[in-house]
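Worksheet for the structure shown next.
In the numbering used here, the protein residues as written are 1 to 325.
Right under this line is the structure:
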């Protein structure tokens with residue numbers, strides 16, 4: 001059983017029956033109606049030593065900030081505003097106080113940067129370091145953007161650039177060293193969630209579906225399309241790749257497109273929108289100062305197809321990261 005199989009089982013096992021639960025298990029965040037149109041948005045993420053990070057390649061302070069980023073990114077992907085955090089931390093007793101002090105500096109940095117407040121949590125002794133963040137946010141019921149709203153013919157967009165985080169992880173983990181890869185390493189250790197873009201496309205009603213790119217573009221695009229009976233056509237030449245990625249990816253991968261499609265942890269926003277909204281999306285990009293690239297379109301048929309610059313269909317093993325596999 002893979003991660004997606006486990007999530008489908010749990011979503012079926014714990015289907016919300018209360019009318020105030022607008023979105024339960026299966027999206028980036030849960031959405032609960034509080035009063036009138038006001039909704040509470042909640043999400044939780046765990047970073048585990050040896051699975052999501054190695055302390056030898058990043059400091060506790062860097063880990064603390066990244067934990068905040070990962071948590072608020074899911075809130076932003078719903079078109080919501082993150083407000084509060086709860087943190088559960090497990091660490092070894094031998095170095096607990098120094099570790100907690102350093103990690104708390106990073107958490108405080110993330111809270112200041114993204115205007116959220118840590119309001120509680122839990123501490124536990126553990127031989128494996130882990131940090132779990134629960135993020136709480138708010139959104140009007142009119143502005144919620146789900147994974148399931150795409151329609152055939154919609155354009156597919158992604159913010160920023162892809163693949164830099166995966167390149168940074170390979171630089172940290174491999175034998176090639178990180179010389180020249182400092183920018184990619186920074187993207188891996190210190191991602192930036194696209195909260196302003198997510199909020200703006202939600203408020204303007206121009207995103208029909210949205211998700212943050214955490215497991216890899218291909219895998220997350222499947223969650224927007226294939227899981228809902230739709231498909232997609234993506235032009236590889238339209239994928240936004242940074243100059244640094246293009247110049248360095250050959251050191252770590254035989255094919256840069258494969259790395260960009262499946263690397264994960266970009267924390268960019270992937271969303272769909274009607275072709276009538278292209279001018280509005282260009283305006284959002286300008287106002288936010290973030291590149292937003294059209295990379296393809298939503299199709300019928302439940303399959304994602306990839307095309308090279310010459311229009312020929314290409315086939316990749318593009319599976320992103322999945323737990324339990």
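Backbone N, C-alpha and C define an ideal beta-carbon position, used for all residues, glycine too.
Legend entry - At least three beta-carbon pairs within less than 8 Å, the stretch 143-151 to the stretch 92-107: Counting Cβ pairs under 8 Å, fewer than three are found: no touch.
Inset, instruction - Given a cut-off of 8 Å, decide if residue 169 and residue 123 are closer than it, judged by their beta-carbon atoms. - result: Counted from its first residue, the chain shown places residue 123 at position 123. Counted from its first residue, the chain shown places residue 169 at position 169. Against a cut-off of 8 Å, the Cβ pair of residue 169 and residue 123 comes out as no contact.
Inset, instruction - Output the distance between the C-alpha atoms of residue 48 and residue 72, rounded to the nearest integer angstrom. - result: Sequence index remark: in the chain shown, residue 48 carries index 48 (1-based). Sequence index remark: in the chain shown, residue 72 carries index 72 (1-based). The straight-line gap from Cα to Cα measures roughly 18 Å.
Legend entry - Proximity below 8 Å, CB of residue 256 to CB of residue 309: Mapped onto the chain shown, residue 256 falls at position 256. Mapped onto the chain shown, residue 309 falls at position 309. Result no, Cβ atoms of residue 256 and residue 309 do not sit closer than 8 Å.
Inset, instruction - Could you round the C-beta distance between residue 207 and residue 185 to whole angstroms and report it? I think they count as a contact, below 8 Å. - result: The residue labelled residue 207 in the question sits at position 207 within the chain shown. The residue labelled residue 185 in the question sits at position 185 within the chain shown. Not quite, the Cβ-Cβ distance comes to about 31 Å (not below 8 Å), so this is no contact.
Legend entry - N- and C-terminal bounds of the alpha helix (DSSP H) containing residue 103: As a position in the chain shown, residue 103 is number 103, starting the count at 1. Start and end: 96-114.
Inset, instruction - Determine, using beta carbons only, whether residue 326 and residue 162 come nearer to each other than 8 Å. - result: Look at the range of the chain in this structure, 1 to 325, and you will see that residue 326 is not part of it.
Inset, instruction - Can you have a look at residue 37 and say buried or exposed, based on whether 16 or more other CB atoms are within 10 angstroms of its CB? - result: Within the chain shown, the letter at position 37 stands for residue 37. It counts as exposed.
Legend entry - Proximity below 8 Å, CB of residue 270 to CB of residue 189: For the purposes of this step, residue 270 is identified with residue 270 of the chain shown, where counting begins at 1. For the purposes of this step, residue 189 is identified with residue 189 of the chain shown, where counting begins at 1. Going by C-beta atoms, residue 270 is not nearer than 8 Å to residue 189.
Legend entry - Span separating the alpha-carbon of residue 23 from that of residue 195: Translated into positions along the chain shown, residue 23 becomes position 23. Translated into positions along the chain shown, residue 195 becomes position 195. Whole-angstrom Cα-Cα distance: 20 Å.
Inset, instruction - In angstroms with no decimal places, state the Cα-to-Cα distance between residue 6 and residue 215. - result: Translated into positions along the chain shown, residue 6 becomes position 6. Translated into positions along the chain shown, residue 215 becomes position 215. Taking the straight line joining both Cα atoms gives about 16 Å.
Inset, instruction - Compute the distance between the beta-carbons of residue 69 and residue 193, then report whether it is under 8 Å. - result: The residue labelled residue 69 in the question sits at position 69 within the chain shown. The residue labelled residue 193 in the question sits at position 193 within the chain shown. Going by C-beta atoms, residue 69 is nearer than 8 Å to residue 193.
Legend entry - Endpoints, the alpha helix (DSSP H) within which residue 90 is located: Here residue 90 corresponds to residue number 90 of the chain shown, with the count starting at 1. Per DSSP, residue 90 belongs to no alpha helix (DSSP H); it is in the beta strand (DSSP E), 81-91.
Inset, instruction - Could you check how far apart the C-beta atoms of residue 263 and residue 202 are, in whole angstroms? I think they sit under 8 Å. - result: Taking the chain shown and counting its residues from 1, one reaches residue 263 at position 263. Taking the chain shown and counting its residues from 1, one reaches residue 202 at position 202. Contact flag wrong, Cβ pair sits at about 26 Å.
Inset, instruction - Take residue 200 and list the residues in its own chain whose beta-carbon comes closer than 8 Å to its own, dropping the five residues that flank it on each side. - result: Working through the chain shown from its first residue, we reach residue 200 at position 200. Take residue 200, set aside five residues on each side of it, and the residues of its chain with a beta-carbon closer than 8 Å to its own are 284, 287 and 288, in chain order.
Legend entry - C-beta atoms of residue 83 and residue 116 nearer than 8 Å: Taking the chain shown and counting its residues from 1, the one referred to as residue 83 is at position 83. Taking the chain shown and counting its residues from 1, the one referred to as residue 116 is at position 116. Result yes, Cβ atoms of residue 83 and residue 116 sit closer than 8 Å.
Inset, instruction - If I'm right that residue 156 touches residue 298 with Cβ under 8 Å, what's the distance once you round it to whole angstroms? - result: Along the chain shown, read from residue 1 onward, the residue named residue 156 stands at position 156. Along the chain shown, read from residue 1 onward, the residue named residue 298 stands at position 298. Their Cβ separation, rounded to whole angstroms, is 6 Å, which keeps residue 156 and residue 298 in contact under 8 Å.
Inset, instruction - Might you give, ordered along the chain, the residues of its own chain that have their beta carbon closer than 7 Å to the beta carbon of residue 304, omitting 5 neighbours on each side? - result: Looking up residue 304 in the chain shown gives position 304. By the criterion of a C-beta distance shorter than 7 Å, residue 304 is surrounded in its chain by 218, 221, 222, 225, 226, 231, 232 and 234, once the five residues flanking it on both sides are discounted.
Legend entry - Which of helix, strand or coil DSSP assigns to residue 181: Along the chain shown, read from residue 1 onward, the residue named residue 181 stands at position 181. Coil.
Inset, instruction - Have a look at 204, 311, 164 and 213 and flag the residue whose alpha-carbon is nearest the alpha-carbon of residue 253. - result: To locate residue 253, count along the chain shown from 1; it is residue 253. Comparing Cα-Cα distances from residue 253 to each of 204, 311, 164 and 213, the minimum goes to 164.
Inset, instruction - Would you identify the three-state DSSP class for residue 227, choosing helix, strand or coil? - result: Along the chain shown, one-based indexing puts residue 227 at 227. DSSP places residue 227 in helix when its eight states are reduced to three.
Legend entry - For residue 97 and residue 60, the rounded distance between their alpha carbons: If you number the chain shown from 1, residue 60 lands on position 60. If you number the chain shown from 1, residue 97 lands on position 97. Distance between residue 60 and residue 97, taken at the CA atoms: about 12 Å.
Legend entry - Spatial neighbours of residue 313 in its chain, beta-carbon cut-off 8 Å, leaving aside the 5 residues before and after: Stepping through the chain shown from its first residue, residue 313 is reached at position 313. Take residue 313, set aside five residues on each side of it, and the residues of its chain with a beta-carbon closer than 8 Å to its own are 305, 306 and 307, in chain order.
Inset, instruction - Output the boundary residues of the alpha helix (DSSP H) element that contains residue 273. - result: If you number the chain shown from 1, residue 273 lands on position 273. DSSP places residue 273 in no alpha helix (DSSP H) but in the uninterrupted beta strand (DSSP E) bounded by 269-273.
Inset, instruction - Would you mind sorting residue 324 into buried or exposed? The rule is 16 or more other CB atoms within 10 Å of its CB. - result: The residue you call residue 324 lines up with position 324 of the chain shown. For residue 324, the predicted structure reports a pLDDT of 42, less than 50, and the residue's modelled location is therefore unreliable. The matter cannot be settled from this model.
Inset, instruction - State the CB to CB distance for the pair residue 134 and residue 44, rounded to an integer number of angstroms; the pair is presumed to be in contact (CB under 8 Å). - result: For the purposes of this step, residue 134 is taken as residue 134 along the chain shown, with counting starting at 1. For the purposes of this step, residue 44 is taken as residue 44 along the chain shown, with counting starting at 1. For residue 134 against residue 44, the beta-carbon gap comes to about 4 Å, under 8 Å, which counts as contact.
Legend entry - Whole-number beta carbon distance between residue 78 and residue 32, since they are thought to touch under 8 Å: The sequence position of residue 32 within the chain shown is 32, counting from 1. The sequence position of residue 78 within the chain shown is 78, counting from 1. About 12 Å; that fails the 8 Å criterion.
Inset, instruction - Assign residue 317 to buried or exposed, taking buried as 16 or more other Cβ atoms, counted over all protein chains shown, within 10 Å of its Cβ. - result: Counting from one through the chain shown, the residue named residue 317 turns up at place 317. Flag for residue 317 reads exposed.
Inset, instruction - Determine, using beta carbons only, whether residue 136 and residue 67 come nearer to each other than 8 Å. - result: Indexing the chain shown from 1 puts residue 136 at position 136. Indexing the chain shown from 1 puts residue 67 at position 67. No, these two residues do not count as a Cβ contact at 8 Å.
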